[in-house]
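Heads up, the thing below is written out as structure tokens.
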Amino acid sequence: MLMAKQSLFSKSALADIAKLSSKQKCSIINTFWPHLNLSSEAYKDTSYAGFLRYLGRNLQYLHQYSSKLVVQDWDDLSAMCEHLRTHRTSKRALLLESIQRQYINTPESHVGASIDLAARLLLGLNISGIGMPIRRSNTRDSQVHWHDNQSLDEMIMAEFPTGTKQLAVSTLAIDTSFTAVTLKSVCRVNIRWTDNLVDHLKLHGRRGDRTLSIYQHKICLVNHLKGPESSILPEDLLRETLTTLSILFPVGDEDTEAFLQDQNIQFWNDYSARESGFRGLDDFKYWKHRLTQLLTLYHGPPETVIQTLLDTRNVSQFATLWVAIFGVFFLTILFGVLSTIYSVKQYNVAVKSYELAIAQACQQNSAPLVGFCD
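The opening position of the sequence shown corresponds to residue 1 in UniProt numbering, with each subsequent residue numbered one higher.
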């Protein structure tokens, strides 16, 4: 391996990875997907920039914990990932025991933390064993606990349960207007990019202040699907996730392209929703519940006054609302102007009446009014 003995952890890991040559970057990518056998000729920096930044951030953060890990270079990490792929059906306790034999006089927690690190980077899950010495770098991401009595496959099944079909929600349509951009502009939903697949499509926050987490490493999902053997992550889960990304970020949509460019997110590749075979909510078994929540929010009434004013989904209702607003505004101004004009006239009449009364009083034969009839 080209990067075999290069250290994983440093205070500048993010910048160091960015400076690597195409061959070196391919070597890193092949650590996680050896079946790709990616070459520098086939490598596209735009496709992998986000994933490499994710690696760099993690390795830079873990520099402070490097003494609590047994994996220290890319060769160690590659071997650990391969061990996970080969022993995916082994309980974590047995997996830990077998690897521990290679590191005599090393604390079990250090080996366990290294297993979790390899699984986290390989699968895109914020995995941590119970009682591990390393704190998670992003507290907003959900923590995935890998219990000692679970195999890697069992842990994944527990985190991604398949839902049952609910006929009651089949009336919620997934049409071309249902995109991340419209959720943001119409429903005022904030988009949060996550590296944790478990948090994909998770809706946070209260009414009027919603945040939607979206898994950002589409290229990783595609690479898992390209494997010659069954992926550790279920194939249906990978295809469903890719389909949700294709629905929320349709290829060729100008607003979507502008949004992704602004967010520095690269989603364009050879997988589209049209090729997936998904037609409606009932075709989803992993993400159905969260999609239902999003569709209910999208098709439901606005949650705040601002959403009401900017909601263009119902054009006639939108037009009626703004005609009414401008009508009331115009009438308010009109009556305000008329009221001001008549107030001025009333004031002028009052002044004239006052002057007339003074003049009449001064014309009388009685003693003149001091200060008024001078």
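Virtual Cβ for every residue (Gly too), placed ideally from N, Cα, C. Here the structure is a predicted model, which is why all the values come from computation and not from measurement.
For residue i, the three-state DSSP class (helix, strand or coil)
| i | result |
| --- | --- |
| arginine 140 | coil |
| glycine 252 | coil |
| aspartate 282 | helix |
| isoleucine 219 | helix |
| leucine 201 | coil |
| leucine 212 | strand |
| arginine 239 | helix |
| aspartate 195 | coil |
| glutamine 166 | No answer about glutamine 166 holds up, because its pLDDT of 47 lies below 50 and its placement is not dependable. |
| asparagine 264 | coil |
| arginine 207 | coil |
| serine 21 | coil |
| isoleucine 127 | strand |
| serine 105 | One point to set straight first is that residue 105 is asparagine, not serine, in the sequence displayed. The answer is coil: DSSP assigns asparagine 105 none of H, G, I, E or B. |
| serine 12 | coil |
| serine 7 | strand |
Candidates the options: closest to residue i by CA position
| i | options | result |
| --- | --- | --- |
| serine 142 | Leu55, Lys202 and Asp283 | Lys202 |
| valine 189 | Leu197, Asp195 and Arg206 | Arg206 |
| proline 107 | Leu122, Val70 and Pro234 | Val70 |
| valine 186 | Ser177, Ala13, Thr194 and Glu41 | Ser177 |
| serine 27 | Ser78, Tyr54 and Asp195 | Ser78 |
| glutamine 293 | Leu121, Ile174 and Gly50 | Ile174 |
| leucine 20 | Asp45, Glu41, Asn37 and Leu38 | Asp45 |
Residue i: first and last residue of the uninterrupted alpha helix (DSSP H) it sits in
| i | result |
| --- | --- |
| arginine 120 | 108–123 |
| histidine 299 | 288–299 |
| threonine 182 | 180–185 |
| asparagine 149 | Unbroken run through asparagine 149: none, as it is neither H nor E. |
| tyrosine 43 | First-last for tyrosine 43: undefined, no H or E at that position. |
| leucine 94 | 92–100 |
| histidine 35 | Taken as a continuous stretch (DSSP letters only), histidine 35 belongs to no alpha helix (DSSP H), as it is neither H nor E. |
| alanine 173 | Run containing alanine 173: none; DSSP gives neither H nor E here. |
| serine 78 | 74–86 |
Nearest-angstrom Cβ-Cβ length linking residue i and residue j, presumed shorter than 8 Å
| i | j | result |
| --- | --- | --- |
| leucine 237 | tyrosine 286 | 5 Å |
| threonine 179 | aspartate 253 | 7 Å |
| leucine 297 | lysine 288 | So it is not a contact: roughly 15 Å between Cβ atoms. |
| leucine 242 | glycine 124 | Contact doesn't hold; Cβ gap of about 13 Å is too wide. |
| leucine 59 | alanine 13 | 4 Å |
| threonine 211 | arginine 192 | 5 Å |
| serine 213 | threonine 194 | 5 Å |
| tyrosine 215 | histidine 200 | 4 Å |
| leucine 295 | phenylalanine 284 | So it is not a contact: roughly 11 Å between Cβ atoms. |
Distance CB(residue i)-CB(residue j) smaller than 8 Å
| i | j | result |
| --- | --- | --- |
| leucine 172 | histidine 299 | yes |
| leucine 8 | glutamine 100 | no |
| histidine 87 | glycine 227 | no |
| isoleucine 29 | tyrosine 48 | yes |
| alanine 113 | cysteine 81 | no |
| valine 144 | serine 128 | yes |
| glutamate 235 | leucine 221 | no |
| lysine 91 | aspartate 153 | no |
| histidine 63 | serine 22 | no |
| leucine 121 | phenylalanine 32 | yes |
| isoleucine 115 | leucine 96 | yes |
| tyrosine 43 | lysine 25 | yes |
| leucine 38 | isoleucine 156 | no |
| leucine 245 | lysine 218 | yes |
| glycine 56 | isoleucine 265 | no |
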